[in-house]
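Colleague:
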Amino acid sequence: MCFNSLFFLFFFMLINFFFLVYFIMNGLSVFFEWENVTFNSMSIVMSILLDWMSLLFMMFVSLISSVVIFYSKSYMNSELNLNRFIILVLMFVFSMVLLIISPNLISILLGWDGLGLISYCLVIYYQNLKSYNAGMLTALSNRIGDVMILMVICWVMNYGSWNYIFYFDFMKNDYVMFIISFMIIIAAMTKSAQIPFSSWLPAAMAAPTPVSALVHSSTLVTAGVYLLIRFNYLLIDMFFFKVLLFLSILTMFMSGISANYEFDLKKIIALSTLSQLGLMMSILSLGFPDIAFFHLLTHSMFKALLFMCAGVIIHMMNDIQDIRYMGGLSLYIPLTSLCLNISNLSLCGIPFLSGFYSKDLILEMVSFNSFNLMVFILFYLSTGLTVFYTFRLIMYVMINDFNLMMIYNLYDEDYIMLNSMFVLLFMSLLSGSFLSWFIFSYPYMIYLPFNLKLMVIYVSILGSILGFMVSNMSIYSLNKLLMSYNLSSFLCLMWFMPNLSTYGLSYIYLNFSQILFKNIDMGWSEIYSGKGIFNILKNYSVFYNVYQMNNFKIYLFSFILYFMILFIFFFI
Amino acid sequence: MNNNSNKMFFLFILFFSTLISISSNSWFGCWIGLEINLLSFIPLISNSKNLLSVETSLKYFLTQSLASINFLFMILIKFSLLKNFDMNNIISIMMNSSLLMKMGSAPFHFWFPNIVEGLSWMNNFMLMTWQKISPMILLSYYFNKNFLIFMIIMNLIIGSLGGLNQTSLRKLLAFSSINNLGWMIFSIMISENLWLFYFLIYSMMIFMMISLFFLMNMYFMNQLFINNMNFFIKLNLLINFLSLGGLPPFMGFMPKWIIINFLLINKFYFLTFIFMMTSLIIIYYYIRIIYSSFMFNYFKMKWMNLLMKNNMSLINLSSFISISSMILSTFIFM
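Heads up: the sequence lines are chains G and D, in that order. When you line the first sequence up against UniProt numbering, it's residues 1 to 572, in that order. When you line the second sequence up against UniProt numbering, it's residues 1 to 334, in that order.
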């Protein structure tokens, strides 16, 4: 099953690639439409839009998914129901493809809901309590986005069709479009885990690692960004876009800080994904959708690779995900640490790897155009934080001493996993330059003063020094933890937002419902309707029986008495 | 007197007496019919070999004759002292009271559970259905609306509350019969056609119940779950009881529904409430019976298929009619 899907998806990727090249060279885009049902004025159609953006994204998605499925052949080989897993992943890919190619809100909803549902099924794949809780958090946060898209569908019915791409230029100043843009932004925020809804992404790391590699690095979380890229013409001058800018910058910053306090390998990678998502959203809301798309694609490459390396390391460390148990791995697993290093450095934006092209372009565009001081500071600070946690991770995992056990066997030669990682390695090295030459028909003109140009390097060096220093904490280092305990816990626990989304939302209602249940359901309602009425009726019945169980002559006498009384009334 | 031609003779006179009573021109003829009814029913129920049955027939004779005497007396007073035909006065109250005593309706119902306890099932069936025809039709000729509404309420309440504490199936059906009397008296006040409809369906349901109990020879509640009934018999029991209680897909819902319709049209809102609530209490103790018969004891023996005896096709037919009659009734108007 894994082999078949590998070849099928790889072949699909090649088809997409060839079509992509042809379409970009000739400037084509193709729009298919099948009309299903026509009501009085609305027509439900199934549309497919194939332009360079959707073909490119489909190519990347199919490449990553083919590689991940092949990887999971070896990663999940002790799983009894591997076919079930592969089928779930394939359904996920199908929903993503449906989302990508649709210019029509109904098919976007199908893809969107499919993504949410199948990511729930995949997160709860290991059926333990933590996975259940994580899956519930994931599914419900995504559900908010689904509801928003449903409401957008309702509002777009004002315009007569659900193909939103036709209405952007004409209806910009309409009140309906205002509402639609608000809801679309909220839907995208839930899917890509921006600040109010960001608690599900680190929790969803309870999923198996191939799922994290496919879903939580490149496809599910970028669906929101993709939707906003499609809707960009509508949203450019709207007020909520500025709110989105604010929230996404804060997301970027917050997750960068929280990743520095984390000790779980997959959570660090999840928070780095969150940081990069904030970066994508913020550059999108500044008005550069194509750069955001560019960063989306390159990020998906190296993040998937990073997750896969993390999977190999977790397998090696006897299923332990805590980085404090790891160390010195670069000596023993050269190929995996090659992939890990390249993806990490690409994440930091080291020159001429793939992440450099997109990240550097973003930062230079931010410096070149005149934006807010806060925007500027937070962008560069988050870049520095990225380098900070990356170097901290590298120090903990690869360079410091090995902390697990006395006797160990670090096995790197699982060529199925390595081959799949090499494909992504190749792409992670080359995709940056490939994409920057391919999708930008003319380069961006950037002219910056010297120090501003080198600002990236300054913050990167600062971050790396800090990362090196932080990773050298030992048991005897000067520890003033209690002085900064409040601040540390605030920053470590993602500014307490997961508590708000989970405990805060449910506690008050559950408490209230317990009070109601005890007092009403098991209390007064029993007296006034359940047992109470029964007791009353029973007492009445017993009382009645006193009259029923009598001598017969008493009955007859009562009848006669009755008639006598009536008779007397008659004659009076 | 089993399988005796005397029984056939008295049954014939019984039927004929009711016909005399309801088709007579004058009140006197009605009274004659009632007397012949009494006289011909007594031999049907008294069995000289059984002391309880003799006592029962004696009780029946006493109450019914008291009622007949009252009826005759009221008729004579009415003819001699009142020249005009006035609907709402004391005479009508007294005439209605005597007819209610004939029927076994509250507040003159105390003999009714006593007597049904002493009769066999088929005699009970006659008592609960046929004996009520002529008093009811006579009631419809000269009734006092306010008085009857009061009696209806008493019937309903006593029928529901009295049955809660019973374990004997005959007494249970007696109280249910008192309750249904309340519904029937109200339907008399609306139209005689409506009464006929309700009465026919009620007697059909009672017939199915009583024939089931007769075939199983069951007189008390604990007999429902001690013996091993076939599943279809239990199902039939369930359907018939629920139908008698007036639960919607079954046949017994339809007459109650129509009566509620007429209640609401004529703005008897509080009375509707009482009808509803007492109906619920009655369904409660029916379900108690069904529940105990279904759940307490269930065993199946593999080598014998028990209790397909005594012509079960009648029971199957009755279940079918109970379930499907609501739907079939919509085909009447095609």
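Note that CB positions come from ideal geometry on N, CA and C, so glycine has one too.
Where does G:F31 fall in DSSP's three states?
Modeller: strand
Colleague: Of all the options D:M209, D:P249 and D:L194, which has the alpha carbon lying nearest to the alpha carbon of D:S176?
Modeller: D:M209
Colleague: Restricting to Cα atoms, I'd like to know which of D:L173, D:L156, D:K171 and D:K132 is closest to D:G182.
Modeller: D:L156
Colleague: Report the three-state DSSP secondary structure of G:D290 (helix, strand or coil).
Modeller: helix
Colleague: Taking 8 Å as the cut-off, decide whether the C-beta atoms of G:D414 and G:G328 are in contact.
Modeller: no
Colleague: Identify every run of the alpha helix (DSSP H) within the stretch 506-552 of chain G, keeping only runs that are complete inside it and at least 4 residues long; order them along the chain.
Modeller: The DSSP assignment places complete alpha helix (DSSP H) segments of no fewer than 4 residues inside the stretch 506-552 of chain G at 525-528 and 531-548, in order along the chain.
Colleague: Does G:I48 come out as helix, strand or coil in the three-state DSSP assignment?
Modeller: strand
Colleague: With G:F379 as the anchor, note down where its alpha helix (DSSP H) starts and where it stops.
Modeller: L373 to I394
Colleague: Give a yes or no on whether the minimum CB-CB distance between G:K538 and chain D is below 8 Å.
Modeller: yes
Colleague: What is the DSSP secondary structure of D:N96, reduced to helix, strand or coil?
Modeller: helix
Colleague: Take G:E262 and list the residues in its own chain whose beta-carbon comes closer than 7 Å to its own, dropping the five residues that flank it on each side.
Modeller: I268 and L271
Colleague: Taking the alpha helix (DSSP H) that G:Q194 belongs to, which residues open and close that run?
Modeller: Unbroken run through G:Q194: none, as it is neither H nor E.
Colleague: Given a cut-off of 8 Å, decide if G:T219 and G:M96 are closer than it, judged by their beta-carbon atoms.
Modeller: yes
Colleague: Can you pull the chain C neighbours of G:Y528, defined as C-beta to C-beta under 9 Å?
Modeller: In the structure shown, chain C does not exist; the protein chains are G and D.
Colleague: When you compare each of G:P196, G:D290, G:Y544 and G:S358 to G:S248 by their alpha carbons, which one comes out closest?
Modeller: G:P196
Colleague: Whose Cβ in chain G lies nearer than 9 Å to the Cβ of D:G29?
Modeller: The contacting residues do not exist; D:G29 stays about 23 Å from chain G at best.
Colleague: Using 8 Å as the limit for Cβ to Cβ distance, is G:F11 near chain D?
Modeller: No, G:F11 lies away from the interface with chain D (no Cβ there is under 8 Å from its Cβ).
Colleague: Please classify D:K145 as buried or exposed, where buried requires at least 16 neighbouring CB atoms within 10 angstroms.
Modeller: exposed
Colleague: From the DSSP secondary-structure annotation, give me the bridge partner or partners of G:N104.
Modeller: As computed with DSSP, G:N104 is found in a beta bridge with G:N163.
Colleague: Would you say G:S525 faces chain D, with C-beta separation under 8 Å as the test?
Modeller: no
Colleague: Would you say D:F108 lies against chain G (beta-carbon separation less than 8 Å)?
Modeller: yes
Colleague: Taking the straight line between their C-alpha atoms, what separation do you get for D:P113 and D:K171?
Modeller: 5 Å
Colleague: Output needed for D:L169: all residues of its chain with C-beta closer than 7 Å, excluding positions within five of it in sequence on either side, in chain order.
Modeller: F213, M218, Y219, F220 and M221
Colleague: Determine, using beta carbons only, whether G:F379 and G:V366 come nearer to each other than 8 Å.
Modeller: yes
Colleague: Using a Cβ-Cβ cut-off of less than 9 Å, give me the residues of the stretch 136-165 of chain D that come near chain G, in sequence order.
Modeller: I157, I158, S160, L161, G162, G163, L164 and N165
Colleague: Name the chain G residues whose beta carbon is nearer than 8 Å to that of D:K59?
Modeller: F552
Colleague: Under the three-state reduction of DSSP, which class applies to G:T38: helix, strand or coil?
Modeller: strand
Colleague: Between G:N232 and chain D, is any beta-carbon pair separated by less than 8 Å?
Modeller: no
Colleague: Between the stretch 133-141 of chain G and the stretch 91-109 of chain G, are three or more C-beta pairs nearer than 8 Å?
Modeller: Judged by pairs of C-beta atoms under 8 Å, the stretch 133-141 of chain G does not touch the stretch 91-109 of chain G, as fewer than three such pairs exist.
Colleague: Using a Cβ-Cβ cutoff of less than 8 Å, which residues in the same chain neighbour G:R324 once the five nearest sequence positions on both sides are dropped?
Modeller: F263, Y396 and N403, listed in sequence order.
Colleague: Just to confirm, are G:I314 and G:E364 a CB contact at a threshold of 8 Å?
Modeller: no
Colleague: Across the stretch 300-308 of chain G and the stretch 367-376 of chain G, are there enough close Cβ pairs to call them in contact, namely three or more that are closer than 8 Å?
Modeller: no
Colleague: Thinking C-alpha only, which one of G:F85, G:L274 and G:L90 is nearest G:F12?
Modeller: G:L90
Colleague: In or out: G:Y226 buried (at least 16 other Cβ within 10 Å) or exposed?
Modeller: It counts as buried.
Colleague: Counting pairs of beta carbons, one from the stretch 319-328 of chain D and one from the stretch 239-254 of chain D, are three or more of them closer than 8 Å?
Modeller: yes
Colleague: Do G:F70 and G:S217 come within 8 Å of each other at the CB atom, strictly closer than that value?
Modeller: no
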